[in-house]
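Take any residue in the sequence shown, note its place counting from 1, add 5, and you have its number in our numbering. Notes for the one structure printed next.
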Amino acid sequence: FKDMVLGLGLSAKSELGLEKDLVGNIIHVFVLWFTYATWLIMSFVVLMVMENLSSFLHALRLQWVEFQNKFFYGDGVRFTPFSFKNIAVDASDDE
Numbered sequence: 006f007k008d009m010v011l012g013l014g015l016s017a018k019s020e021l022g023l024e025k026d027l028v029g030n031i032i033h034v035f036v037l038w039f040t041y042a043t044w045l046i047m048s049f050v051v052l053m054v055m056e057n058l059s060s061f062l063h064a065l066r067l068q069w070v071e072f073q074n075k076f077f078y079g080d081g082v083r084f085t086p087f088s089f090k091n092i093a094v095d096a097s098d099d100e
């Protein structure tokens, strides 16, 4: 009699556990699928934004380099790099 009661109790519990696990697995699969789909879409959006930003910056750089050179004449004061020797020569010329 004890074996029969124990067998019925375990049988009922296993059926309930199976149903609960099956529903839990379906929800788990849906959550994993939704998470993966969200990650995939977000990755695609980030890559598209980076590519568009890259092409925009390249076009902007080309506009700056090609267009701004039309107005550069270079007729100002000639550039001389900094040198301590030049400072010493200038100081001796002042005296």
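Built from N, CA and C at the ideal position, the CB exists for glycine as well.
- Judged by DSSP in its simplified three-state form, residue 78 adopts coil rather than helix or strand.
- Assigned with DSSP and collapsed to three states, residue 83 falls in coil, not helix or strand.
- Taken through DSSP and simplified to helix, strand or coil, residue 88 comes out as coil.
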